[in-house]
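Student: Please find one structure pasted underneath; my questions will follow.
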Amino acid sequence: MANQRATISLTRYILQSVRGKWIFLLLLFVPCLTQGQQLLDKLAYQYQSSKLNDPSKFYKAGKYAQALFFNQQPEKAMQLLEENLKQAQRFPDSKYAAHLCAILAMNNRILDHEKESKQYIDLAHVYAEKTTHKETKGYVSYCRGWLHARNNQEAEAVRQFLNALQQFDNAQPSESLLIRKASTLSELTSIYANWKEYELQEKYGKQALDIAIKQQDPAAIFEAYMMMGYLCEQQYIESLQDDKLHTSERYYLKAIETYQKNKQNMVVSSNLSFAAINLANLYLHYFPDTYREKAIAYAEMALAQAQQSEQFSQVASAYGILADISIKKGNAERAKDYLLASLTAVNQDPLLDQTVVMSIYQHLSKIYEEEKNLSEALRYYKSYNEVFTRVYDTEKLEQGRRLEAQFEKERQQQQLLRLALESQQKEQQLSLMHIRTVQQQQLLQNMRLNEENQRKELELAHLEGQKKEQQLKLSRLEAQKREQEVLNFQNTISYKEKLNRYYGLLAAAFLLLLILLLYAYLQRAKGMQQQQKLHALALEQERQNSQISNLTAMLDGQELERGRLARDLHDGLGGILSSTKLNLSHRIEKMNDVEKLHMQDSLSQLDSAVNELRRVAHNLMPDLLIKYGLQEVLQDYAKRMENEKLEIDVHFLHYTQRLSTENQLLVYRIIQELVNNAIKHAEANQLLIQLVEENDRIYVTIEDNGKGFDMNAIEQKKSAGLHNIQSRVQFLKGQLNIQSELNLGTTIEFDFPIQNTTA
């Protein structure tokens, strides 16, 4: 049963790795990928036959480079892209350079060249800012979102993808526009699947499917069916609704049918094996045992296709499914063969996933351990330990990306130490068992030899006893002497065993003492470092507390003054205006018709003044914020500010309402100031307010489509409004980012941590 659980876990782990690779191979680029030497030669001919000054040559270079990249020629592909980039940089329109830089950024990310990838995507952004080509701007935003998604920055990735869709919607129709839009929709579908936002996931997934059917592109239709199948599979895992399970099956079957009907036009030969793997996994883990033969059939289909296309990660996944089925059938030997074949396939994958290798070693070790084959179990356990160390060392170089990395490092160090100790204990147990076995064999052999000698001597004494009684006595004496020697020899062996055991215990005690001393030294050094860090943190905390006190006093004073003004306006001036209206209403009866008409106009103006007074008082101190919270007051504020010429959208994602009332008021004031500035200065007709909570941080974005402004001119003016906004963001311990272009609109973002904003 333990073996069964281990194999199932391994199968799903490999399948998740294959799914991740499939998604970024399918969605990586707008140009089509390559299948076979024939298509590669065709793309090479199209590129080489292009004229030297023909700009379309750069797009052909991108297609040809990607064909080379995914046919195991990455060096040639990168060289081709860099040569064309140098030529594209000489063209007046920077859209070609932006396109090639974006492809180079993603290729370097696949090759784990993260520094080069960041340099190229930054350069692509610079070139995209210089061009007016909307599709190129959208493509660069898509590539930026793609990179953010692979760096686990999904909130920023969503923002870039939404910006890409907006650019694509405003772009001129082209051959590649719908393909790029479909790729962006697929990426959004994948992220919303991770967030378990199934409504948004289904929305964008169906849009991608509609675009694919509209294009009549078999590859895009296949991709959309796979996305929808995976969506329904995840919904079934969450809700266990049978209709979702069968819907997922139908989408996977449609994907396989689409591939088989359009086999000659499918550009990625490994698509069939991936779809078969997903369907086999679905039958294996979620359908009854009566579907086991179907699982085997699709796993074997995937294995044959993956071996043909040399997609070794998919070969490993197919072997993992077959190993799982063998365990369920009780055939442990065949399961081990499949696991070893899976290990071989994973090691042949150019994008080797060390965590998959580590998982295979671990599960092989468990199988052999349950079979009492300790030597093989220890061998695979050592291999697992070595891979674990390499993975840990690799992860150690990437620490600092997130605050959780420090905790992960400590946990892995403890686990590595525990694994090393367990390995040493197993080695010592095996060595001790081997020594004891050798000693027992030697003792048994000595006893048998002594027994044989005694028997022969007794036989000789019996034959000669009849002739010589004296020799018989001598034989008896010699026999007694031999018995004494055997006893002495046994005592000697027993003494040596005790001596060896004593030395072993002494060595173990010495080793344990050495480990304890080393551990105590490390703990003491670590404690001293922590004390130094705590002292530095205390000084920094004191400085921050001082700044926070000043900011708190200033902001509290502003809010108190706002409250006083609101009450004075509402109770004082509002009462006077109401009394004035009442007095005038009493006098209107004594006037003639002309005077009554003029008086009615005056009363209407007084009503407008009272309404405006109430609106100003409400903005100064929003009661809805105290009663219902930030989300309700922002939506109410947006409704009040909307009119025929202005549309305001408010979106909250993953917001858990953990902010204190004071900090909700700060966020409201910041957004209120920014919206007022947009209405007053930008002449915008559309405003977007978005608040996203992710990883214990709040991300707020305010975008408008107004006339924009010059950042340098604003910084030189040093306006009081911008200073107030920066002060409030600083009080929240957040960061403020402003992006604006003339005639293109303004985007203002700020984010801050939740743990520093609780009451």
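Here this note's numbering is used: the first residue of the sequence shown is 2, the next is one more, and so on. Beta carbons are placed, not taken as given, at the ideal position from N, Cα and C, and that holds for glycine. Just so it is clear, the structure is predicted and the values come from calculations on it, not from any experiment.
1. Please report the residue range of the beta strand (DSSP E) in which L688 lies.
2. Looking at the secondary structure, which residues open and close the alpha helix (DSSP H) in which D244 lies?
3. From D697 to M359, what does the alpha carbon distance come to, in whole angstroms?
4. Can you say whether R391 is buried or exposed, counting buried as having 16 or more other CB atoms within 10 angstroms of its CB?
5. At which residues does the alpha helix (DSSP H) containing N764 begin and terminate?
6. Within a Cβ cutoff of 8 Å, which residues of the same chain sit near K52, ignoring the five residues on either side of it in sequence?
7. Pick helix, strand or coil for F288, following the three-state DSSP scheme.
8. Going by DSSP, what residue range makes up the beta strand (DSSP E) through P1?
9. Looking only at its own chain, which residues have a Cβ that is under 6 Å from the Cβ of F751, when we skip the five neighbours before and after it?
10. Who are the Cβ neighbours of L585 in its own chain at under 8 Å, not counting the five residues just before and after it?
11. Would you report the Cα separation of T581 and Q687, rounded to the nearest angstrom?
12. Three-state secondary structure (DSSP) at T657?
13. Buried or exposed: where does N593 fall if 16 or more other Cβ atoms within 10 Å of its Cβ makes it buried?
14. Helix, strand or coil: which one does DSSP assign to N153?
15. If you reduce the DSSP assignment to three classes, tell me which class E742 lands in.
16. Got a sec, what are the start and stop residues for the alpha helix (DSSP H) K185 sits in?
17. Considering only residues of the same chain and omitting the five flanking positions on each side of V347, which have a CB-CB separation below 6 Å?
18. From the DSSP secondary-structure annotation, give me the bridge partner or partners of H652.
19. According to the neighbour-count rule (16 or more other Cβ atoms, all chains shown, within 10 Å of its Cβ), is P219 buried or exposed?
20. Under DSSP, the beta strand (DSSP E) around D705 begins and ends at which residues?
21. Considering only the alpha carbon of each residue, which of E115, P754, M712 lies closest to Q740?
22. Going by alpha carbons, who is nearest to S191 out of E460, Q235, L166, Q530?
23. In the DSSP assignment, what residue or residues form a beta bridge with Q736?
24. What residues in its chain sit with their C-beta under 7 Å from that of L733, if we drop five residues either side in the sequence?
25. In terms of residue numbering, what span does the alpha helix (DSSP H) encompassing I589 cover?
26. Cβ of Y292 versus every heavy atom of the ligand ADP: is any distance shorter than 8 Å?
27. Within 10 Å of its beta-carbon, does M302 have 16 or more other beta-carbons around it, so buried, or fewer, so exposed?
28. Whose CA, out of S118, G746, I703, T132, lies closest to the CA of I672?
29. Measuring only the C-alpha atoms, how far is Q471 from L507?
30. Within the continuous alpha helix (DSSP H) that includes N109, where are the two ends?
31. Applying the criterion that 16 or more other CB atoms from any shown protein chain within 10 Å of the CB defines a buried residue, is Y504 buried or exposed?
32. In terms of residue numbering, what span does the alpha helix (DSSP H) encompassing T133 cover?
33. Taking Cβ positions, are R380 and I326 nearer each other than 9 Å?
34. Taking buried to mean at least 16 other C-beta atoms within 10 Å of its own C-beta, is F511 buried or exposed?
35. Near Q90, what residues of its chain come up, given a Cβ to Cβ distance below 8 Å and the 5 sequence neighbours on each side ignored?
36. N272: buried (16+ other C-beta within 10 angstroms of its C-beta) or exposed?
Tutor: Quick answer:
1. 687 to 695
2. 243 to 262
3. 32 Å
4. exposed
5. Limits of the chain in this structure are 2 at one end and 760 at the other, which puts residue 764 out of reach.
6. K58
7. coil
8. Outside the displayed span of the chain (2 to 760) sits residue 1, for which this structure offers no information.
9. V701, V730, G735, L737
10. M600, S603, L604, L607
11. 39 Å
12. coil
13. exposed
14. coil
15. strand
16. Here residue 185 is Thr; the residue named in the question, Lys, does not match the sequence. That run of the alpha helix (DSSP H) goes 178 to 195.
17. A317, V357, V358
18. Q691
19. buried
20. 698 to 705
21. M712
22. Q235
23. D752
24. N664, L667, F753, T758
25. Counting along the chain, I589 falls outside any alpha helix (DSSP H), and DSSP gives it neither H nor E.
26. With respect to small molecules bound, the structure shown includes none, and the ligand ADP cannot be examined in it.
27. buried
28. I703
29. 54 Å
30. 96 to 111
31. exposed
32. Per DSSP, T133 belongs to no alpha helix (DSSP H) and is neither H nor E.
33. no
34. exposed
35. A98
36. buried
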